[in-house]
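Undergrad:
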Amino acid sequence: MEDKLIIRGIEFKSRLWVGTGKYKDFEETARAIDASGADVVTVAVRRVNITDRNSPNLLDYIDPKKHKILPNTAGCYSVEDALRYSRLAREAGVSDLVKLEVIGDERTLFPDVIGLLKATEILAKEGFVVFPYTNDDPIMARRLEDAGAAAVMPLGAPIGSGLGIRNPYNIKIILEFAKVPVIVDAGVGTASDATVAMELGCDAVLINTAIAGAQDPISMAEAMKYATLAGRLAYRAGRIGKKLYATASSPYDGMLT
Amino acid sequence: MNIKLNGSDYITSAVTISELLTELNIQADRVAVEKNLSIVKRTDIDKTTLENGDTIEIVMFVGGG
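Note that the protein sequences, when read in sequence, are chains B and H. Going by the working numbering, the first sequence runs without a break in its numbering and finishes at 257. Going by the working numbering, the second sequence runs without a break in its numbering and finishes at 322.
1) Let me know the secondary structure DSSP gives B:Pro168 once reduced to three states.
2) Secondary structure at B:Met198, three-state DSSP: helix, strand or coil?
3) Find the nearest neighbour of H:Ile302 within the set H:Thr312, H:Asp286, H:Met317, judged by alpha-carbon distance.
4) What does the alpha-carbon distance come out to for the pair H:Leu278 and B:Glu106?
5) Using a cut-off of 9 Å between C-beta atoms, extract the partners of B:Gly21 located in chain H.
6) Would you say B:Ile103 and B:Leu109 are within 8 Å of each other, going by their C-beta atoms?
7) Quick one, which of B:Gly21, B:Ala237, B:Val130 has its alpha-carbon nearest B:Ile159's?
8) Please classify B:Met255: does DSSP put it in a helix, a strand, or coil?
9) Note down, in chain order, all residues in the stretch 273–288 of chain H with a beta-carbon under 7 Å from any beta-carbon belonging to chain B.
10) If you draw a straight line from the alpha carbon of H:Asn282 to that of B:Lys66, how long is it in whole angstroms?
11) Answer with buried or exposed for B:Asn72, where buried requires no fewer than 16 other C-beta atoms within 10 angstroms of its C-beta.
12) Run through the stretch 101–166 of chain B for me and flag every whole beta strand (DSSP E) of 3 or more residues, listed as ranges in chain order.
13) Taking the continuous beta strand (DSSP E) assigned at B:Thr209, which residues delimit it?
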């Protein structure tokens, strides 16, 4: 059965999206991406190292023809900075995709949703395909959608926390409200968390730390691939209802008397 | 001429942004350049000239989540 993820006419080959931060080196990054089967890879925008000009370049390890590069605005604490980084990312890359972050606080890295909404509105008008990183707040998700977001990316838990999907009920409500795809971004700690996100009906899940920080990132990347797929299949298959008491799987008919 | 390049003082003999990238051994299609807070489009790097005291930022993609 065909089950393609298409956002703004762009076809995505995998529902697992991965970040490229926190790896030991670019070689490990490339191997993890490969094992994950992801076609979307997020990147950050930073100054070129002028003093060490021979330092390796991430793009030597990730082929932009094979992968969709999704630049983020991580580290931006104001609308102005987020706009600046988004516009630079568009110029440095090949597409209008941006994973928009306007961060409100250093310790939690929770989004500043007021700034996020403003920046989403402006960038959507400039033709960006905006993927805002937001709270697990159904009302904010709706506001972002109205502002022109191509999808919404609610957090499962704080970035890098590995706490899993802390409020599955809110994610469920976001999914019921949303007319745009919903992609859980942040909070996944292990494979079952990715499955939970997908079983809820999310369109995709974005994972970085849970893979890069695992003792064996390559194996965890592979685990996430199957976990995402399993969750998606289970969602489409339609799970059974939960009951308090048992229902026997084996018949009583034909039992010895 | 003296410019501010990625936050540091830098002396260059480049006349255009394009020449500056060549001098720095940077592939133009992998970076974005900002001159005095305005983005220099990739198609404009040959004709965009440097002035003494310009603030230039050159950014690229790095690992991130």
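All residues carry an ideal CB built from backbone N, CA and C; glycine is no exception.
TA: Looking at the atomic coordinates:
1) When DSSP states are grouped into helix, strand and coil, B:Pro168 belongs to the helix group.
2) Helix.
3) Closest option to H:Ile302, Cα to Cα, is H:Asp286.
4) Approximately 34 Å between the Cα atoms of the pair.
5) Chain H residues near B:Gly21: Val319, Gly320, Gly321, Gly322.
6) It is a contact, given that the beta carbons lie within the stated cut-off.
7) Among B:Gly21, B:Ala237, B:Val130, the Cα nearest to that of B:Ile159 is on B:Gly21.
8) B:Met255 carries a coil assignment under DSSP once its states are collapsed to helix, strand and coil.
9) From the stretch 273–288 of chain H, only Leu281, Asn282, Ile283, Arg287, Val288 have a Cβ closer than 7 Å to chain B.
10) For H:Asn282 and B:Lys66, the distance between alpha carbons rounds to 25 Å.
11) Using a 10 angstroms sphere on the CB of B:Asn72, the tally of other CB atoms reaches 16 or more, which defines it as buried.
12) For the stretch 101–166 of chain B, whole beta strand (DSSP E) runs of length 3 or above, ordered along the chain, are 129–134.
13) Counting along the chain, B:Thr209 falls outside any beta strand (DSSP E), though it belongs to the alpha helix (DSSP H) covering 209–212.
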